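Student: For the sequence shown, my numbering begins at 650 and goes up steadily by one.
Note that beta-carbon positions come from the ideal geometry of N, C-alpha and C, so glycine has one too.
In this text the structure is predicted, and so the values were computed from the model without any measurement.
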Amino acid sequence: EGKSLIFQLAARLGFSDGIRGLVVVVTPTVALAIDHENAAIEKGFSGPIAYRGGDDASNAVLVQSIRDGRQTLCIASPEAICGPLRAYLGEVADRGDLSALVIDEAHLVDAWGTGFRTEFQSLSGVRRDWIARAPSHRAMRTLLLSATLTPPTLQTLEALFSGPGPFEVLSALRLRSEPDYRVVPPTPASLRDDRVVEALRHAPRPAILYVTRVADAEAWRARLKAEGFANIAMVHGGTTATAREQVLKTWRAGDLDLVVGTSAFGVGIDYRHVRTVLHACIPETLDRYYQEVGRAGRDGRAALALMLPAFGDEGVAQKLSDVIVISVKRGLQRWTSMFDRRLGLDAPDTYLLPLDVAPSQEADDIDMQGERNSDWNARVLALMARAGLVELLGPPVWDGNRVGPHERVRVLDFEHSREATWRDRVEPVRLSLHRAGAGDLQRMKDFVRQQDCPSPALLKLYDCGPEAQACARCAKCRPQPNARAPSQ
């Protein structure tokens, strides 16, 4: 609650020691970046603020404002910050005018950075570079913001972003008391779909219908339009930036009854008057479910959280929750291939590694190239950083002429190429990632199957005390008048 106000205040007022300058905000989705930009402009900031891939005209204005020292707030994806914005933001760091790096929805550094968006973890190296380049009396702050941090995620953030100076945790978590949780037992898909349509005819609006797959979002929009729902929009991972911006503008104006979305229309999207969140799926984690339920009732009034699963939804959730973590043998093979092609840099034990190299010269590997291969190599480096074998220093400054992706690393353990070291240091991290994925799904299954009160599971998930508990409207609590949370 109020996370965006933190970086708006930092950009407008600076910090108590007089440090003012550019505040860089990292956001996980285009939809959230646009939402933050709109909210900031409403509070008097001048646009453009958000860096949008493909919008060359707007981006050119933003970059020029950054270089001129006029920009106080910049919102961008981790890919943009590690890529095309990197050099310009480095210039600001050199001048000592970079006052803060803010990572919004910081839990995604762990949830997404381990897998398909490794730039989330490369940010830790970019941060170190900016801190090292700044004048000593113009130290940059780092703010990691999230309403939902689990203990393992907090450990990851500390491993990647601690130092120089203390790593402090400020927590004021209170579970939401607004949602009325209702879960229907799974049914055949055709019956479930009919029930979703019927529920949406009667549920209070504005409403969000969440699904897991892009194809499902497309199908639901087509069906609901055919059923007569007129004020409807859709957002998923394939929605263009222009279309997302229009949806968010209309949504914030209160001119939409219903948005069909995947998790791309989730974290951080803030419209206070949403009354219903309906899931026609089973989310792969209780954390995702709670994030999406939290889109409703943000005005402090009661909201409906309705889940209508179908047979087969649990299998989809299972596939998504299976964290594929590279084996010790394969990881060491990829590390050796990258390290054999290292280029030494000026600092001691610091190297530039190519990410687009094949894992070996064996017949099955020699032709392995492309973005997927580079992603796997980046995952290996992120895994090694979590195990304390290397320190990520971020990719080199983006150069349109540079061929292939690279990462700069500092070696911390000179036994890094021994299989025994990988078994002792990397294997425990691998196992913890597997256990975390399995545990997240099991909590979601328990909620769906047993319809337990979500509050105890959420308290355990986020490692908070009973003072944060808030529930009065789930299957277990509704019949108990004394379970109702006091009015705020």
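Could you tell me whether the segment 745-754 touches the segment 696-710, where touching means 3 or more Cβ pairs closer than 8 Å?
Tutor: The segment 745-754, when compared against the segment 696-710, does not touch it at the 8 Å Cβ threshold.
Student: Which of the three DSSP states, helix, strand or coil, is assigned to Ser1081?
Tutor: In the structure shown, Ser1081 sits in a helix (DSSP, three-state: H, G or I).
Student: Compute the Euclidean distance between the alpha carbons of Arg831 and Ile655, then round it to the nearest angstrom.
Tutor: Rounded to whole angstroms, Arg831 to Ile655 spans 34 Å at the Cα level.
Student: For Arg661 and Arg669, I'd like the C-alpha separation in whole angstroms.
Tutor: Spanning the two alpha carbons is a distance of roughly 8 Å.
Student: Ala1197 lies in the beta strand (DSSP E); which residues open and close that run?
Tutor: Because the chain here runs from 650 to 1137, residue 1197 falls outside it and cannot be looked at.
Student: From the DSSP output, read off the bridge partner residues of Met1033.
Tutor: Its beta-bridge partners do not exist; DSSP assigns none.
Student: Put Ile715 into one of helix, strand or coil per three-state DSSP.
Tutor: Ile715 falls in the helix class under three-state DSSP.
Student: Write down every uninterrupted run of the alpha helix (DSSP H) in the segment 904-945 whose length is 4 residues or greater and which is fully enclosed by it, in chain order.
Tutor: Correct list: 935-942.
Student: Could you tell me if Ser1136 is buried or exposed, where buried requires 16 or more neighbouring beta carbons within 10 angstroms of its beta carbon?
Tutor: Here the model assigns Ser1136 a pLDDT of 43, short of 50, so the residue's position is not dependable, and the following value carries that caveat. Ser1136 should be labelled exposed.
Student: So Ser748 is in the beta strand (DSSP E); what residue range does that whole segment cover?
Tutor: Run containing Ser748: Leu747 to Asp753, per the beta strand (DSSP E) assignment.
Student: Using 8 Å as the threshold, is the segment 929-947 in touch with the segment 1106-1116, meaning 3 or more CB pairs across them?
Tutor: Taking 8 Å as the limit for Cβ pairs, the verdict is that the segment 1106-1116 does touch the segment 929-947.
Student: Do you know offhand how far Asp1005's Cα is from Ile881's?
Tutor: For Asp1005 and Ile881, the distance between alpha carbons rounds to 43 Å.
Student: Do the CB positions of Ile857 and Leu793 come within less than 8 Å of each other?
Tutor: Their beta carbons are not under 8 Å apart, which means Ile857 does not touch Leu793 by this criterion.
Student: Any idea if Ala996 is buried or exposed, counting beta-carbon neighbours within 10 angstroms, 16 or more meaning buried?
Tutor: So Ala996 counts as exposed.
Student: Name the DSSP bridge partner or partners of Glu1002?
Tutor: Correcting the residue type first, residue 1002 is Leu in the shown sequence and not Glu. Bridge partners of Leu1002: Glu1056.
Student: Using only CA atoms, which one of Ser1023, Ser1009 and Phe1096 lies nearest to Pro1003?
Tutor: Out of Ser1023, Ser1009 and Phe1096, Ser1023 has the C-alpha closest to the C-alpha of Pro1003.
Student: Residue range of the alpha helix (DSSP H) that Asp743 falls in?
Tutor: Unbroken alpha helix (DSSP H) run through Asp743: Arg735 to Arg744.
Student: Nearest CA to the CA of Pro958: which residue from Arg947, Pro1044, Gly980 and Arg841?
Tutor: Out of Arg947, Pro1044, Gly980 and Arg841, Arg841 has the C-alpha closest to the C-alpha of Pro958.
Student: Is it buried or exposed, Ser773, if we count other Cβ atoms within 10 angstroms and call 16 or more buried?
Tutor: Label assigned to Ser773: buried.
Student: In chain order, which alpha helix (DSSP H) runs of at least 4 residues are fully inside the segment 779-862?
Tutor: The qualifying runs are 800-810 and 838-851.
Student: Helix, strand or coil for Ser1136, going by three-state DSSP, please let me know.
Tutor: Its pLDDT being 43, under 50, Ser1136 is placed unreliably in this model, and the coordinates cannot settle the point.
Student: By DSSP, does Ala954 sit in helix, in strand, or in coil?
Tutor: In the structure shown, Ala954 sits in a strand (DSSP, three-state: E or B).
Student: What is the DSSP secondary structure of Val1097, reduced to helix, strand or coil?
Tutor: Here Val1097 sits in helix by DSSP.
Student: Candidates Gly877, Thr891 and Ile931: which alpha carbon is nearest Asp906's?
Tutor: Residue Gly877 is the option with its Cα nearest to Asp906.
Student: Looking only at its own chain, which residues have a Cβ that is under 7 Å from the Cβ of His1138, when we skip the five neighbours before and after it?
Tutor: A query on residue 1138 cannot be resolved here, the shown segment of the chain reaching from 650 to 1137 and no further.
Student: Would you be able to state if there are at least three C-beta pairs under 8 Å between the segment 973-984 and the segment 947-963?
Tutor: As far as the Cβ criterion goes, the segment 947-963 does not touch the segment 973-984, which means the pair count is below three.
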